[in-house]
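Chemist: In my numbering, the protein residues as written are 219 to 633.
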DNA sequence: TCTGGGGTCCTAGGACCC
DNA sequence: TCTGGGGTCCTAGGACCC
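#1: Please state the DSSP three-state secondary structure of residue 331.
#2: Just to confirm, is the Cβ distance from residue 300 to residue 615 under 8 Å?
#3: Going by the CB atoms, is the gap between residue 462 and residue 552 shorter than 8 Å?
#4: Quick check on the burial criterion: 16 or more other C-beta atoms within 10 angstroms. Buried or exposed for residue 322?
#5: Can you give me the start and stop residues for the alpha helix (DSSP H) that residue 550 sits inside?
#6: Going by C-alpha distance, which of 349, 251, 559 and 361 is nearest residue 447?
#7: Are at least three pairs of beta-carbons, each pair with one atom in the region 582-601 and one in the region 471-488, less than 8 Å apart?
#8: Can you tell me whether residue 349 is buried or exposed? The criterion is at least 16 other CB atoms within 10 Å of its CB, across all chains shown.
#9: What's the gap between the Cα of residue 369 and the Cα of residue 542?
#10: Would you mind working out which of 401, 364 and 415 sits nearest residue 443, comparing C-alpha positions?
#11: Between the region 491-501 and the region 511-529, can you find at least three pairs of beta-carbon atoms closer than 8 Å?
#12: Give me the Cα-Cα distance between residue 624 and residue 298, rounded to the nearest whole angstrom.
#13: Considering only residues of the same chain and omitting the five flanking positions on each side of residue 353, which have a CB-CB separation below 6 Å?
#14: To which residues of the same chain is residue 630 closer than 7 Å at the C-beta, ignoring the five residues directly before and after it?
#15: If I measure Cβ to Cβ from residue 385 and keep anything under 7 Å in the same chain, skipping five residues before and after, which residues do I get?
#16: Please identify the residue among 245, 263, 267 and 289 whose C-alpha is closest to the C-alpha of residue 617.
#17: Would the beta-carbon of residue 394 fall within 8 Å of that of residue 419?
#18: With distances taken from CA atoms, which of 459, 396 and 271 is nearest residue 428?
#19: For residue 272 and residue 259, I'd like the C-alpha separation in whole angstroms.
#20: Out of curiosity, what's the CA-to-CA distance linking residue 534 and residue 544?
#21: DSSP state of residue 380, grouped into three classes?
#22: Quick one, which of 490, 302, 293 and 477 has its alpha-carbon nearest residue 540's?
#23: I'd like the list of long-range same chain contacts for residue 377, defined as Cβ closer than 6 Å, with 5 residues on each side in sequence excluded.
#24: Residue range of the alpha helix (DSSP H) that residue 260 falls in?
#25: Have a look at residue 558 and residue 457 and give me their C-alpha separation to the nearest angstrom.
#26: Strictly by DSSP, which residues pair up with residue 460?
#27: Touch check for the region 496-506 and the region 516-526: three-plus C-beta pairs under 8 Å?
#28: Which of the three DSSP states is assigned to residue 358 in this structure?
#29: What first and last residue would you give for the beta strand (DSSP E) that runs through residue 526?
#30: Would you list the residues sitting across from residue 225 in a DSSP beta bridge?
#31: Who pairs with residue 494 in a beta bridge, going by DSSP?
#32: Measuring from the CB of residue 454, is there a heavy atom of the ligand MG at a distance below 7 Å?
#33: Applying the criterion that 16 or more other CB atoms from any shown protein chain within 10 Å of the CB defines a buried residue, is residue 486 buried or exposed?
#34: With a Cβ-Cβ cutoff of 8 Å, do residue 287 and residue 242 count as a contact?
#35: Going by beta-carbon coordinates alone, are residue 296 and residue 252 separated by less than 8 Å?
So, in C-alpha cells, the structure goes:
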C-alpha cells in the first residue's frame, strides 16, 4: 500500500502578516511584533528580518536607527487566534484530515489526492484570498520531512516544495525539526552538518549517544513515519498561566493580586476545556537579568483531595502557597499558577469525608463564565484579584492593534 | 529604563519496597 | 575488604517546540 503524503501548511511571518491584513499602511514596511510586556521580537516581516532583527531579540537591543524604520506592535493574540481559526476552516474544506499543530501551522494528509502539489497550491491561493495571510506548504512522507519542505518553500515563488532525498544534503541540520541549538553544536562536532548527514549516520550510535528522540527524527528523515496526524487534540496534562510583571513587585498584597488573577484565568481555561485539576502549583521569580539583586525562585505544588474546577478552591490553595513561600526583601518579576494532573470534568473521584457539593459549586462557576463570555472578560470577577483596578504589576502593551475581528467597538471603519 | 508564555518528552538519581 | 537485585514512583533538570 502506498503511504499517503503529509503536508505542513504554515503562515509566513504569521503575527506580522496578521497585523498587515487590517492595516494597509504597514504593508511593505518592516513590521516587528513583540512578546507580552513589549519585551522581545516574536515575529518579523521579511523586511524586518532583512534589517537584522533576530527572533527573540529583546527590543531594547535593536539599534535605535533600525527601530525607527520599523512598525512595532504589541502582541494581539486574540486577533492572531481568530485568524488562525479562519485558515483552519479553509484547510478542513480542502483536505481529508487536518491536525492543528500550533497557532500558525497545520499538518494535512494527502490521502486519496491525485496531485498533491496542485492541491497545496490551491490551498495557498485560497488562504491568501480568503484571509489575506500568505502561506507555504511542505510535502513529504513524514512530519519531519514535511516540516523540512515547508522551510525550503519559504522564499520560493511557488511556495510549495515536495521533499526529495537529495534535497536533504543542502538542508542544514539545525533547521531539522527536533534539532535545537545544543544538538546542532554536538552533531556539528562529529561532522554531522546537514539533514542528509543525520539521515545516514549510524543509528545505533545515534540512539546511544543522543537518545530516542533524535533516533526517531533520523527514522523520519529516512521516510519512516514515527508519528501520525493527531486530528483530535490530545488531552493536556497541565495548564499554566504565568506573566512577567510590567515592573518589579515587592509587596505581598500586589503579589497576591497577581497570583489571584492568574489562578482565576487558569480556572476559566480549565472549565472552557471541560477539565478538572488534581493539583495546584505556584512559582515566583525575581528578575534573572539583574544578577546583582538577591535572587529567589521558589516553587511549590499542592495535591487536592478531589479534582476541581472551582475558582474559589483554587484561589484558596494558591493564596496559601503564596503565603508559605513569600519572603520579604525580594523584588519579584514573574509569577505563574499551574493546574496539574488534569482529568475530564465528568470524572468524579468519590471521597469518604467531604460532602458532595460539586453540582452547586459548578453551577455558580457556569453562571460566571457565561456572563463574562457575553459581556466581556472581567465583567464578573473576584475581589482578591483587585478586580478592575489598574494593577501595579500589569503588563506593558504600548502598541496594541485593535481587536478587529472580536469586538464590535473595534471594527474597522470604512468611510 | 527595557529581556515572552505555554507546552511536551526524556533522563538521571534518590527513596522506598519486597 | 568485597555490598543483592529489581521494580516503581517522584522530582529536578535539560532539551526541544512554536
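The C-beta atom is built at its ideal place from N, Cα and C for all residues, glycine as well.
Note that this is a predicted model, so its numbers are computed, not measured.
Modeler: Quick answer:
#1: Translated into positions along the first chain, residue 331 becomes position 113. Three-state result, residue 331: coil.
#2: Here residue 300 is taken as the residue at index 82 of the first chain, counted from 1. Here residue 615 is taken as the residue at index 397 of the first chain, counted from 1. Their beta carbons are not under 8 Å apart, which means residue 300 does not touch residue 615 by this criterion.
#3: Residue 552 sits at position 334 when you count from the first residue of the first chain. Residue 462 sits at position 244 when you count from the first residue of the first chain. Yes, the Cβ-Cβ distance between residue 552 and residue 462 is below 8 Å.
#4: Here residue 322 corresponds to residue number 104 of the first chain, with the count starting at 1. Buried, because 16 or more other Cβ atoms sit within 10 Å of the Cβ of residue 322.
#5: The residue you call residue 550 lines up with position 332 of the first chain. Careful: residue 550 lies outside any alpha helix (DSSP H), inside the beta strand (DSSP E) at 550-558.
#6: As a working note, residue 447 is residue 229 in the first chain. Looking at the Cα atoms, 361 is the closest of the given residues.
#7: yes
#8: In the first chain, counting from the first residue as 1, residue 349 sits at position 131. So residue 349 ends up on the buried side.
#9: Against the first chain, residue 369 aligns to sequence position 151. Against the first chain, residue 542 aligns to sequence position 324. Whole-angstrom Cα-Cα distance: 48 Å.
#10: To locate residue 443, count along the first chain from 1; it is residue 225. It is 364 whose Cα lies nearest to the Cα of residue 443.
#11: yes
#12: Numbered from 1 along the first chain, position 406 holds the residue referred to as residue 624. Numbered from 1 along the first chain, position 80 holds the residue referred to as residue 298. Spanning the two alpha carbons is a distance of roughly 11 Å.
#13: For the purposes of this step, residue 353 is taken as residue 135 along the first chain, with counting starting at 1. 227, 229, 342 and 345, listed in sequence order.
#14: Sequence index remark: in the first chain, residue 630 carries index 412 (1-based). Once the five neighbours on either side are set aside, the close Cβ partners of residue 630 are 240 and 622.
#15: For this step, residue 385 is matched to residue 167 along the first chain. 370.
#16: Start at 1 with the first residue of the first chain, and residue 617 comes out as number 399. Per the Cα distances, 289.
#17: What you label residue 394 is simply residue 176 of the first chain in a count that begins at 1. What you label residue 419 is simply residue 201 of the first chain in a count that begins at 1. Result no, Cβ atoms of residue 394 and residue 419 do not sit closer than 8 Å.
#18: Reading the first chain from its first residue, position 210 is the one you call residue 428. Minimum Cα distance to residue 428 is reached at 396.
#19: Looking up residue 272 in the first chain gives position 54. Looking up residue 259 in the first chain gives position 41. C-alpha separation (whole angstroms): 7 Å.
#20: Position 316 of the first chain, counted from the first residue, corresponds to residue 534. Position 326 of the first chain, counted from the first residue, corresponds to residue 544. Spanning the two alpha carbons is a distance of roughly 15 Å.
#21: Sequence index remark: in the first chain, residue 380 carries index 162 (1-based). Correct three-state label for residue 380: strand.
#22: Counting from one through the first chain, the residue named residue 540 turns up at place 322. Selected option, being the one with the closest Cα: 477.
#23: Counted from its first residue, the first chain places residue 377 at position 159. Once the five neighbours on either side are set aside, the close Cβ partners of residue 377 are 342, 354 and 371.
#24: Taking the first chain and counting its residues from 1, the one referred to as residue 260 is at position 42. Here residue 260 belongs to no alpha helix (DSSP H); instead the beta strand (DSSP E) covers 259-262.
#25: By 1-based counting over the first chain, the position of residue 558 is 340. By 1-based counting over the first chain, the position of residue 457 is 239. Distance between the alpha carbons of residue 558 and residue 457 is about 7 Å.
#26: Mapped onto the first chain, residue 460 falls at position 242. BP columns for residue 460 point to 554.
#27: yes
#28: Taking the first residue of the first chain as 1, we reach residue 358 at position 140. It is a strand residue.
#29: Residue numbering aside, residue 526 sits at position 308 when the first chain is read from its first letter. Its beta strand (DSSP E) spans residues 517-526.
#30: The residue labelled residue 225 in the question sits at position 7 within the first chain. DSSP output for residue 225 lists 326 and 357 as bridge partner(s).
#31: Taking the first chain and counting its residues from 1, one reaches residue 494 at position 276. Partner(s): 561.
#32: Annotation note on the ligand MG: not contained in the displayed structure, which lists no ligands.
#33: Locating residue 486 in the first chain gives position 268, where the first residue counts as 1. Burial call: buried.
#34: As a first step, residue 287 must be located in the first chain, where it is residue number 69. As a first step, residue 242 must be located in the first chain, where it is residue number 24. Not a contact, by the Cβ cut-off of 8 Å.
#35: Here residue 296 refers to the residue found at position 78 of the first chain. Here residue 252 refers to the residue found at position 34 of the first chain. Cβ atoms of residue 296 and residue 252: not closer than 8 Å.
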